[in-house]
Structure formats: C-alpha cells, structure tokens
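A quick write-up on the structure given underneath.
There are 2 protein chains.
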Amino acid sequence: MIKIYEMSQIQDQEIFLRSDAVQDVSRPVSEILQAVRAEGDRALLEYTKRFDKAELTSLAVSGAELERAMEQVEPAFLAVLREAAENIRAYHAKQKRESFWMEEKQGVILGQKVLPLARVGIYVPGGTAAYPSTVLMNAIPAQIAGVEEIIMVTPPSANGEVNPHILAAAGIAGVTRIFKVGGAQAIGALAYGTESIPRVDKIVGPGNAYVAEAKRQVFGQVNIDMIAGPSEVLVLADGKSNPAWVAADLLSQAEHDRMASAVLVTDSRELAGQVAEELERQLATLSRAEIARASIEHNGKIIVARDLEEGIAVANRIAPEHLELCVDNPFDYLGQIHNAGSIFLGRYNPEPMGDYFAGPNHTLPTSGTARFYSPLSVDDFIKKSQFSYYTRPALERDYRKVSLFARKEGLTAHARAVDIRFEEGQA
Amino acid sequence: MIKIYEMSQIQDQEIFLRSDAVQDVSRPVSEILQAVRAEGDRALLEYTKRFDKAELTSLAVSGAELERAMEQVEPAFLAVLREAAENIRAYHAKQKRESFWMEEKQGVILGQKVLPLARVGIYVPGGTAAYPSTVLMNAIPAQIAGVEEIIMVTPPSANGEVNPHILAAAGIAGVTRIFKVGGAQAIGALAYGTESIPRVDKIVGPGNAYVAEAKRQVFGQVNIDMIAGPSEVLVLADGKSNPAWVAADLLSQAEHDRMASAVLVTDSRELAGQVAEELERQLATLSRAEIARASIEHNGKIIVARDLEEGIAVANRIAPEHLELCVDNPFDYLGQIHNAGSIFLGRYNPEPMGDYFAGPNHTLPTSGTARFYSPLSVDDFIKKSQFSYYTRPALERDYRKVSLFARKEGLTAHARAVDIRFEEGQA
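Protein sequence lines correspond, in order, to chains A and B.
Going by numbering that gives the first Met the number 0, the first residue of the first sequence is number 0, and it counts up by one from there.
Going by numbering that gives the first Met the number 0, the first residue of the second sequence is number 0, and it counts up by one from there.
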C-alpha cells in the first residue's frame, strides 16, 4: 500500500525523491573502452559475441535490412510513428536559433555563430527495453539542429538482427547510419572511432549501468548528454479529480522500473484515500505488476497539502521530471512552476502523451536536477562561436583602455599586444 | 626558440595542442568537502586560517568594505571597468531567449518556458591571479539571464581583505553577495550551503587544481561550468602581416601560464622566420618572461601551410580557444571556421581586446573542445521547462495512437493512462 503523509508530518528528507544506488562497474567498463580503443572493430565483434551472443561479420545495418524492417512493421503503427515524428519535429523546430551580428559602436562588429555539431552518436538500448520513441526523441532534435551525420548504435539480438520498430523509427527520424553494437563497447566506438564506426562529437541516449559509466569515462573526449536517473512523476490533483485516472497516471510511471517514483500531491484527504485504493485495484491487472508494485511501495507516496499553493511549493522543491496539473484552470498555475522538466496541464493530458506523441522531448532532468538542467533540445546539438572585428580607428579609440586594464591585472604582454600597433616604428 | 614545421612534415599528433597533466588532488579535496558539509562555517573559517593565513570573524564582505574598495580604485580604471561592463552587457543581451508557445493542432497547446537559475555561485581566484575581468565575464551573463542571487566567493589575503579591483568589478557587475573564502572549501560551501553561505544551483568561474577537482566532485549536486584547460591562441596570418604584432599576440597568450599554447599558422615561410626572431627579441623585455618562454618552448609552434585554405583546415582540426585571422578580408573566411571558441577578425583586433573589453565572453572552450562546447553565455544561467495542454476532444482524437505506441513498447500501464479516460464507467 502506498504511504500517505500530511504535509505537517512529513520530514524534509522524505519529500525528496530517492536517488539510485549506483552499481560500480568502472573497472570492467574501463577495460572494455581500452580494448575498443586499441583493437577497434575486432574488439566490438568479440564483445558482441560474448555479451549479445550474436556472431556478426559486419557491424553496419544494410539498406536491405532497413527496408525489410519497414515492411515488417504493422502499417497502423508506422502511421503513428510518422505522425509522432511530425509533432516532435514541429515542436523542436521552434527551438532553432539564429546567429546574430551587431554593430552598435562605430567600427566594431560583434557576433555569435550558431553551428550544428558535425557528427552525433545516439545510443538506443535493445532487448526488452527496445523503445522506438527513444530513437525519435534523440534523432529528431539533432536533425533539426542541422547535424550532418547521425550515427545510431544498438545491440543486436542473438540472431544478429535489430528490432524492426527501432529500425523503422531510425528511418523516419533521419538517422544517417546504424551499427549493431551495444553496451560500453558501443560508447567506446563512438568516442574513439573504429574502422567501421566514425568518431562523434557528442553521445546521447539512455542505457544501462555499463553504458552510463562508459559515457562518464569518455566525457571530455566527446561531449555527452546528462546521465538520467530513474523516471519520476508528480501528479498535483485537486479534489474533483477522478481517482482512477490519477492512479493510472501514477502507475504508468511506476511500471518503468523498480526505482521509478510516483508521487501524488493533493489538497483532498478524500482523493488521497481513493487513489490509494485504486492503486491496489489497478496493480492487480497490470502486465508489469511486479515492477510497478515495487516502485509504488518503495518510492511511491501521497502528500496531503493544505491547499494547491502549498502543493505547488512542494512540487518546486522536488523539481520532478514530469509534473501533471490535474486541476481546473491549470494555466493559472503555470507561472508558479519554477522547477520541472515537463509540465502536463489539465485533466486530459496524461504523461504518456509526452512520452510518445505530443511533440516536446521525453529526455528530461531527473533526481531534482530540473533546478538547473533542461529537457533535451535542439540546443544540445549545436555549438556557438563568438566573433569580433575592429577597424583601425576603432582600435585606436579603445586600445589605451585595454592596455590599462591588462596592466592592472599584471599582464604586460597583453598590454603590449594592443600598444604595439600604435608604436612608432612598429606600425 | 619556437619550432617551425612544414605542413607536409608535421605528424598528426603534433598538430594538436597538448592537454594538461592533471595533479591528482581528489583525496584532500574530498576531505575538505566532507568537513564543509559537516561543520559549515566553522570549517570555512579554519581552512581560511590554514590556507590563506587570514583570521576572519565574518565571511561576508560588508557594504562598508565594498564602498572603501570603490574609493581605492584609480578613477581612470573604474571608468574602463564600467565601459567594459557596458560592452559585455550589450553583447550578452543579444543572447537572451524568449519562451515560446504554439497552437498548431486543434486543442493542443505546447510550449517552452525559459527561466533563470534561482541562485548562482561565482568563484574568483585571489592572490597574484586576481582578475577583475573574471568577475565581469561571469557575473554579467548571469545578471542578464535574470538570476536573482549572484553569490561571489574569493579568497582573502592574509590581512583578511579582498583585492579592491575584484570588489569594484563585483559592484559594477551586479553581484548580490560576496564571501571571503576560496579553494575547495568555497566550492563546498556553494554546493551544500553553510550558516552564512547559501546553497546555489550552479557554480562557475576558474580556479586552481583544488577548485577544479572540487567542482568535479560536487557536480550533480549542483551544476558547474566546463573545467577549463590552459589557454590557447592560434594566429592565422598571411605574408603581409607585421611580424612584431604577430609575435606580441602570441606572447600575450604565452604569458598566462607555462602550459599555455601559442601557435602561428601562416602561408609565408618568410613571416614564419621573422616571427620566430621577433619572439626572441620581445621575450627579453617581458615582465613575465620566464612563464612566456616556457610556454613558447614547450607548446609554441609555427606551422607553414601551403595556402590560407590549408591554414583554415588546420585551425578547424585544432579547434582553438582563440583564433586570430590576420589577413585581408577576414570576413571571407568566417564561414569556413567550424571549430573555434572566439574568432578575432582583422589586423587591428588582438586577442586581449576580447579578454577585457569588446563584449563577447572570455570563458571559452579549450583543448579542442570547441568541437562541441560553446563560450560561456546567458544560456549557461537559464533552464527550460516544457509544457503541454490537451483539450478533451483533442485527447479523444489522439489517444488511440498513443495507446498503440505504448503497447508496441510493452508498456501497458502507459496505454491504460490514456485509455481509462474514455472507458465506460470511468469517465
């Protein structure tokens, strides 16, 4: 049974979502990365044989394999994948940024160039956690940013094939090349490059403990996205909410994994009790009941707040990955939300709409990091360069100021670089 | 003497700038962080006594201290600080982003809120490396982002005072509160909070090996900026360039520290030789000659390219922190530069203009990371939240698609969260 807390009883520590106990796999991961760096494809093929039980002769997914996959996918699902991709594209297109250029002082031009990363790697898990939505959510923002080469890696099954849904999503999302390799070895390949797999500038996408540790270890060599913790939802619901709907929303998060967190905050003691009962009723019917029950019992909680304002304050302190506002006039509260990855407004907007379809990204900051992190976006696939230009008269006007500043910092060679351009016999 | 390479002779490894050999200080830093976390201000005062030789009774810089500092600064320098701050403000104001909101599908509202971080910490080194420019370059983008509390930490000298230039810059840049504490202990205070120093959401600013390691260790608890390596400049100069100016520009970088890198790429063998001689001549006159010589001898190089196009290609491979284009028509080349932190166009635009005055930031990606990182900007002080809203008819139109998608991923509780809203007896 889920625990119900009164706001006045709850300890500060109990409010926060639990972070995950991380398994230490740094040694084996470091060995795998070294082997990939030294031996390239040979190491990749060997690890794929050992860990995925697949004996491959080539790592690349061929055009024929991709076509076959498209044919294997149910047409109705293919249509949904395409519509979801369109929605994701329309939303992320609004994030695209322009370079700027300014000329506010006579003879001085300043600007900022916005450039796509040249080559990006996307990790997509295989096996039971093969999620085509992951492909769309990672590849489409990269494509909109203008990334020329989007390289996807994903582990094959024992027969050497990749889940057709994953391949179909990759085709729809504009992935450039796909390789059948997973785990830490795939991250090593993307970071260092091998005979078949080119080195990338940034690696994104979710993965197990080995993948996460490998990303940590290659960070600096390449850039990486944030390393996500277990998924979380906080549902803020008023007393008019349907307890069955609220329970269903909490369980949709809880079924992700045992460490997932589902929290209800409500101003209604009655709703709190009804949702607790509904959770029990619905848990009995779920296909992933065991996982969902473990999540609800370990990390689930219901917090009864004095009013919705206090509920909002709790949400801001927790800074959840997903926040549902199941209330009348949800837009009234939007301006008060300071910390949340993705905000779902209204009673007809359950969190799975955002996982798959609405358009915003589903890669979001977890474990309270919405305080300072943002959802994955087009910004994660660009870089900026500054530029400046001075005419001779403009430099002549300003160089003494810069020279003074440099000397105040004790950096006389800095001062000299501006002074020398106006010294007699040097100009 | 600096080494001169022909492009055809140089080995691939030699092109790249050296990365720094990092001193391992993880143990002492971890001990300091634990002590600050456990004992708060008491630990801060003790470490300040031990490392800075200052016996403080209060960590905060008072209003009176700030006023006194402003009076101590030479008026001409105060005017330069103010003008530099204005230029930095004007440039960074162009980086400010707006939230967006879209309603492209009937009944669906999607958007992205852009919010400032609530509280930011700025680390400013003290002692011989007390740079007021650091204060301006870190605090002004935070202020423009809308950060309400900008907390600055900087080590005091043995008499318990802070460099007046640093304090004056803080006053001009809009820093909210200043604390006299440095080193790993200051980073711990910002990450965990103490009785006097509030916990922040992000820590930015340069520091020594202890500060850098402390930032690494608290990363996740709070966000941090990138950890900068030694400074670098690549000057791309044609045969018409004045060798004395080019040498002065290289030395302005070399005086930073022994590990700094100054590289000239030119299409003129004659200029290469002249610059090498000029370096020797000017080195003899520098106040920081010993540091500059070490940098030039260990990391300096001149590369002779066949033509400027080849020179641009080398620059893109090195991805330097600072890139000077000392050529005719420098804007002709701007579109070809893909990897560089800050680009200085023209013969009258030496790199120190960007360190102090022009307006763009001087915190830039080093060690080749301009391939995927960007200069410090207003973007580093904001976070984004997504939001979405569906009306009942809009959800009714789309829910079956989402339900199908969820079932294809094996997540039936996700499917149920949308289905339940239209089930009989549940709606």
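Idealized CB from N, CA, C, for every residue including glycine.
Measure how close the beta-carbons of residue i and residue j come, nearest whole angstrom, since I'm counting them as under 8 Å.
i               : j               : result
R420 of chain B : Y347 of chain A : 6 Å
M101 of chain A : L114 of chain A : Contact flag wrong, Cβ pair sits at about 18 Å.
L65 of chain A  : L189 of chain A : Actually they are not in contact, since the Cβ atoms of L65 of chain A and L189 of chain A sit about 20 Å apart, beyond 8 Å.
E82 of chain A  : K400 of chain B : 7 Å
A168 of chain B : L135 of chain B : 6 Å
K112 of chain A : K383 of chain A : 7 Å
V199 of chain B : V217 of chain B : Contact doesn't hold; Cβ gap of about 10 Å is too wide.
Y389 of chain B : V107 of chain B : 6 Å
Which class does residue i belong to by DSSP, given the choice of helix, strand or coil?
i               : result
I336 of chain A : coil
E45 of chain A  : helix
A261 of chain A : strand
A59 of chain A  : strand
Q252 of chain A : helix
S25 of chain B  : helix
H321 of chain A : strand
I3 of chain B   : strand
N137 of chain A : helix
Q111 of chain B : strand
S104 of chain A : With the sequence shown as reference, residue 104 of chain A is identified as Lys, and Ser is not the correct amino acid for it. In the structure shown, K104 of chain A sits in a strand (DSSP, three-state: E or B).
M352 of chain B : helix
How would you label residue i, buried or exposed, when you count the other beta carbons within 10 angstroms and need 16 or more for buried?
i               : result
H91 of chain A  : buried
Q10 of chain A  : exposed
T56 of chain A  : exposed
P74 of chain B  : exposed
N328 of chain B : exposed
P392 of chain B : exposed
H297 of chain B : exposed
K212 of chain A : Reading the sequence as shown, one finds Glu at residue 212 of chain A and not Lys. Counting Cβ neighbours within 10 Å, E212 of chain A comes out buried, since at least 16 surround it.
F99 of chain B  : exposed
E422 of chain A : exposed
S439 of chain B : Since the first and last residues shown for chain B are 0 and 426, residue 439 of chain B lies out of range.
Less than 6 Å between C-beta atoms, sequence neighbours within five positions excluded: which residues of the same chain meet that for residue i?
i               : result
G299 of chain A : I1 and A261
A141 of chain B : V119, I149 and F380
G367 of chain A : A318
A208 of chain A : Q22 and V24
S294 of chain B : A253, R257 and A259
A53 of chain B  : T47, P155, A157 and G159
E5 of chain B   : V303
Between the C-alpha atoms of residue i and residue j, what's the straight-line distance to the nearest angstrom?
i               : j               : result
I177 of chain A : N137 of chain A : 14 Å
M151 of chain A : L282 of chain A : 36 Å
Y130 of chain A : I202 of chain A : 18 Å
A369 of chain A : P154 of chain A : 30 Å
L43 of chain B  : P197 of chain A : 48 Å
G126 of chain B : E320 of chain A : 42 Å
A312 of chain B : V35 of chain B  : 48 Å
N158 of chain B : R67 of chain B  : 15 Å
G409 of chain A : S286 of chain B : 9 Å
D266 of chain A : A236 of chain A : 8 Å
A314 of chain B : E45 of chain B  : 47 Å
F50 of chain A  : G182 of chain A : 9 Å
T193 of chain B : D40 of chain B  : 6 Å
A275 of chain B : G345 of chain B : 21 Å
R396 of chain B : A117 of chain A : 39 Å
P124 of chain B : E85 of chain B  : 23 Å
P364 of chain A : L322 of chain A : 12 Å
P163 of chain A : Y122 of chain A : 16 Å
A63 of chain B  : G219 of chain B : 36 Å
L394 of chain B : D248 of chain A : 15 Å
Can you name, in chain order, every residue of its own chain whose Cβ lies under 7 Å from the Cβ of residue i, other than the five neighbours on each side?
i               : result
D378 of chain A : Q94
A414 of chain B : S402, A405 and R406
D354 of chain B : S132 and H361
A89 of chain A  : G358
I290 of chain B : E254, D256 and R257
F330 of chain B : L344
With a threshold of 8 Å on Cβ separation, who are the neighbours of residue i within its own chain once the five nearest residues in sequence on each side are excluded?
i               : result
A59 of chain A  : R176, I177, F178, K179 and S195
L428 of chain A : As displayed, chain A neither begins before 0 nor continues past 426, which places residue 428 of chain A out of reach and without an answer.
L250 of chain B : A261, L278, Q281, L282, L285, A291 and I295
For residue i, would you say it is in contact with chain E, using Cβ-to-Cβ distances shorter than 7 Å as the test?
i               : result
P115 of chain A : Of the protein chains in this structure, namely A and B, none is chain E.
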